[in-house]
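A short worksheet on the structure shown next.
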Amino acid sequence: MPTWKEKLAGKMDSQLEEEIDVFETQIALRRSGKLDEKIFAETRLRRGVYGQRYDNGHRHDGIRTQELQYLSEMTKGPDTLWDAPGMQRIKIPFGGLTPDQMDALAELAEEYSDGVLHVTTRQDFQLHYVHIDDTPTLMRRLAAVGITTREACGNSIRNVTACPLAGVCRDEVFDVTPYAKASSKFLLGHPDAQGFGRKFKIAFSGCRERACGLVNMHDMGCIAVKRVENGEEKRGFELYVGGGLGAVPHQAKLFDSFLPEEELLPISQAIARVFARLGEKKNRAAARIKFLVTKLGIDEFRRIVLEERKTMPVDPRWTGYLAAVEKYKEKPSREASPLNGRQRPEGFDEWYRTNVYCQRQAGYAVAAITLPLGDLSAWQTRGLADVARRFSGDNVRTTVEQNIVLRWVSEADLPDLYRELKRIGLGDAGAGTIVDVTACPGTDTCKLGIASSRGLAAEIRTRLAGKFFNLDEAVKNLHIKISGCFNSCGQHHVADLGFYGTSRTIGNRKVPHFQIVLGGKWQDNAGAYGLAMGTVPSKRIPEVVERITDRFVRERQGTETFQEFVKRIGKQELTTILTPLMQGPAYEQDPSFYSDWGDPREFSIGDLGVGECAGEVVSVAQFDLAAAERMVFEGQLRLDEGDYAQADALAYRAMLQAAISLVKTQFQDVTDAPDTVVNEFRTRFYDTQLLGDRYAGSRFAQYLFKRHLSPPHEHTRDQAHRTVEEAQLFIESAYACYDLLTERGGMAAPLRPPVHTEKAAGIR
Ligand code: HEM
Ligand code: SF4
């Protein structure tokens, strides 16, 4: 039977295909101990392959920590066992999906994970319980339907998000979809975006007022604006930088009130270059761009970026996509028709009130699918793909509220659509309301989770759903968001009622608690962050929700919003509501407080692992050197197979790659034309003796020069063998040179695979 690799060869974007082959080789290199675990960890993170709770081989059973028996001791990152299940994040730029992609996702969930697809708070999908050995195949099958996992995690540009209503919204200035798409494509794998000390998140919004893209909490956010210039209407963006959540949330700062559309990509690139160059690399708690913007001040930051912009070589892709923007159009699967007079099934009206949005285009609507906890099964995903094919076409999107929307549904079809959704268990009302609680993965699968965010979300949802239709209108539209720890992946800072997990000791036992954060603002693109009020035992949080919302309903003045109410009555008064709930009972009185929601074990924080939120900071040079090694490894394989021409070519490419890695430390924009690389390398590293005698470096440099000037006339085993050997030695000397430069300061800390340390010692 053909493998998936053979079956799908040539059936995907060739660049994606090559990248996945490369990743497969990196897995093989790690397996054979030839790739350092820290570099491998960041490499896999940049492919979306994440660690998962218990992957260090330990699990606390409530009494003591038990060892999990995995097959081998091999690691895929520091303290992360090879065979332990992991998480695969799948990037969905601006949340855009087609039914065929949904079918593929359903198959993968079934075959490689636990059969559940999870929608994240940044419009991505996640699969859990995936074995690392399955990831290249999984990636190929995704690539065959146009999906990549590249840079879904790690210190890279993450999924570019956008409002799920973009293009159909009644309030938007213009459709940001083609811009989000172009940014995502342009920045994916961009060489200037590889040297970050931390992740970088971009969001697009069609207007200022609604939540849409949540621009204010992003590293870079773009709000659509228009202005008239010389009698002509021009499109542009209000550009924000330096926002972010996490333990220290920052509101983004205005970088430009009107960035013309043609400057969007070059300025994004300039910002990436400045962040890569000046951003913090050692202390990752201060490495997001928000800290750089705060340190420099927005004016100085802007000045540096604009200076950078002037130095950048012109790239035709900056504006190449603009001609197609005007023509960008989505195709509905059915004619528009009004709802009037259609027979409405039971439950339809309630669902319609909360889950249907009438589009700017008359006769069409957006239908939201409420996904409790952001989860849907493989079976439901397949069912939903069929429903989408029939009613919506290729116009499906995921949302940051962990839901899915079907756009371009003819209004007349809504009753039939509702019936079909009910049939597959996806007809719940309440999208975007208080019952639609957002939660990060928390202690279910996240290594950093302290308390069960999903357990609590499920409990609150169940309690509120039962009385939803009787809730006061003012309460119905509040947002609840829950994170399992202070890292705020559940976006609790921008919820009306936000919670994040923490732990407290009562007697000599640990008790799961949540910190309460009130009054964050979802509207105005996440316009304000909430106030921390104090911690309450996890089991009392549903009561907190009840007391606070009751008080709001009782004391609300006129059309006062929840944020205004929180501000008016003040922290002190709110704390008095909470104080009676803050103390937990003694264990003997009520042991249930000592376990978390949905988890019968006695609570402990013994399962906490080392986070992989950023991976290790691996410099661009280190990645480039690792790539050179991979090429020479592939050259060795071709040699063994008797393909001498390929072996020689790969060894030569490996030497060029190693030379580029050094040159780039001084000259970022060096092209990869072999003559340029060799010349730059010669003047910068050979003539200057930076690739010094101490490591017999200058001799090894000759290997590159020789192979560059005199390619072999015929390919024999001996010749190819020699070139592969020489390439290996050249890469060694490049590593040694890099380490030396690092010791002299100014570059990231050295991280060399142990195998090379030994070899390098031999060279000396
Ligand atoms: C120190 C480590 C971490 C920090 C500081 C961190 C921080 C954040 C923040 C601030 C967000 C969301 C807000 C935004 O949209 O910007 C986020 C998103 C997210 N985080 Fe984390 N996180 C960390 C580790 C993790 C881990 C270990 C997991 C679990 C595997 C995780 C899962 C998620 C998920 C599922 C999202 C939605 C992201 C997406 O689809 O791109 N995070 N993280
Ligand atoms: S908020 Fe904490 S528990 Fe939740 S996913 Fe992020 S790191 Fe994990």
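Each residue of the sequence shown is one higher than the one before, starting from 93 at the first, in our numbering.
Every residue gets a Cβ at the ideal spot worked out from N, C-alpha and C, and that includes glycine.
Proximity test, residue i beta-carbon vs ligand 2 heavy atom, cut-off 7 Å
| i | result |
| --- | --- |
| ASN251 | no |
| GLY541 | yes |
| GLY547 | no |
| PRO507 | no |
| CYS245 | no |
| ASN148 | no |
| CYS304 | no |
| PRO931 | Residue 931 lies beyond the residue range present for the chain, which begins at 93 and ends at 856; the question has no answer from this structure. |
| PRO533 | yes |
| SER575 | yes |
| SER580 | yes |
| CYS450 | no |
| GLY703 | yes |
| CYS261 | no |
| CYS829 | no |
| CYS255 | no |
| CYS299 | no |
| CYS538 | yes |
Neighbourhood of residue i by C-beta, 6 Å cutoff - its chain only, sequence neighbours within 5 removed
| i | result |
| --- | --- |
| ALA718 | ILE131 |
| LYS293 | ARG250, HIS310 and ASP311 |
| SER429 | GLY455, SER502 and ALA504 |
| ALA819 | VAL724, ALA743, ALA746 and MET747 |
| GLY323 | none |
| VAL222 | GLY178, GLN180, TYR204 and SER205 |
Residue nearest to residue i in terms of C-alpha spacing, selected from the options
| i | options | result |
| --- | --- | --- |
| ARG122 | HIS152, THR95, TRP96 and LYS168 | LYS168 |
| PRO352 | ALA364, VAL320 and GLY336 | VAL320 |
| THR834 | GLN714, ARG394 and LEU173 | GLN714 |
| GLY439 | THR172, LYS573 and LEU509 | LEU509 |
| ILE359 | TYR332, GLN758 and GLN161 | TYR332 |
| ARG77 | ALA378, GLY287, ARG426 and ASP263 | Any question about residue 77 goes unanswered here, given that the chain covers just 93 to 856. |
| THR554 | ARG376, LEU465, VAL702 and GLN811 | LEU465 |
| HIS342 | TRP689, GLU694 and GLY619 | GLY619 |
| LEU414 | SER275, ILE526 and TRP443 | SER275 |
| TRP83 | HIS223, PHE606 and ASN148 | The first residue shown for the chain is 93 and the last is 856, placing residue 83 beyond what the model contains. |
| ILE633 | ASP682, THR651, LYS559 and ILE552 | ILE552 |
| PHE654 | SER484, GLU427 and GLN615 | GLN615 |
| GLU680 | ARG601, VAL208, GLY590 and GLU116 | ARG601 |
Residue span of the alpha helix (DSSP H) that contains residue i, given as start and end
| i | result |
| --- | --- |
| PRO228 | 227–235 |
| GLU551 | 545–558 |
| TYR510 | 506–515 |
| ASP441 | 440–447 |
| LYS387 | 381–388 |
| ILE359 | 356–370 |
| ILE633 | 633–647 |
| TYR271 | 269–279 |
| ALA196 | 191–204 |
| TRP500 | No alpha helix (DSSP H) holds TRP500; the beta strand (DSSP E) holding it covers 496–502. |
Cutoff 8 Å; reference residue i; Cβ partners in own chain excluding five residues on either side
| i | result |
| --- | --- |
| ASP857 | Within the shown structure, residues of the chain are numbered from 93 to 856, placing residue 857 beyond reach of any answer. |
| ILE196 | Residue 196 is actually Ala in this sequence, not Ile. Closer than 8 Å at the Cβ level, and outside the excluded window around ALA196, lie ARG233, LEU234, ALA236, VAL237 and ILE239. |
| ARG394 | PHE347 and ASP348 |
| ALA368 | ASP284, ALA285, GLN286, GLY287, PHE288 and VAL712 |
| GLY517 | GLN472 |
Segment limits, beta strand (DSSP E) that includes residue i
| i | result |
| --- | --- |
| MET312 | 312–321 |
| GLN218 | 217–222 |
| GLU325 | 324–333 |
| ALA624 | 623–629 |
| ASP467 | 467–469 |
| ILE131 | Premise fails: ILE131 lies in the alpha helix (DSSP H), 129–137, not in any beta strand (DSSP E). |
| LYS573 | 572–575 |
| GLN858 | No statement about residue 858 is possible, as the shown extent of the chain runs from 93 to 856 and does not include it. |
| ALA378 | Here ALA378 belongs to no beta strand (DSSP E), and DSSP marks it neither H nor E. |
Proximal residues to residue i (C-beta, below 7 Å), its chain only, five neighbours per side dropped
| i | result |
| --- | --- |
| ARG639 | ILE669 |
| SER349 | GLU330 |
| LEU137 | CYS245, GLY246, GLU704 and GLY707 |
| GLU772 | VAL755, PHE759 and VAL762 |
Q | Entirely enclosed alpha helix (DSSP H) segments - the stretch 657–736, minimum 4 residues | A | For the stretch 657–736, whole alpha helix (DSSP H) runs of length 4 or above, ordered along the chain, are 712–733.
Q | Whole alpha helix (DSSP H) elements within the stretch 389–436, 4-residue minimum | A | Runs found: 390–403, 409–412 and 414–417.
(Q) Threshold first: 4 residues or longer. Then list the alpha helix (DSSP H) segments lying entirely within the stretch 765–794, N to C. (A) 766–773
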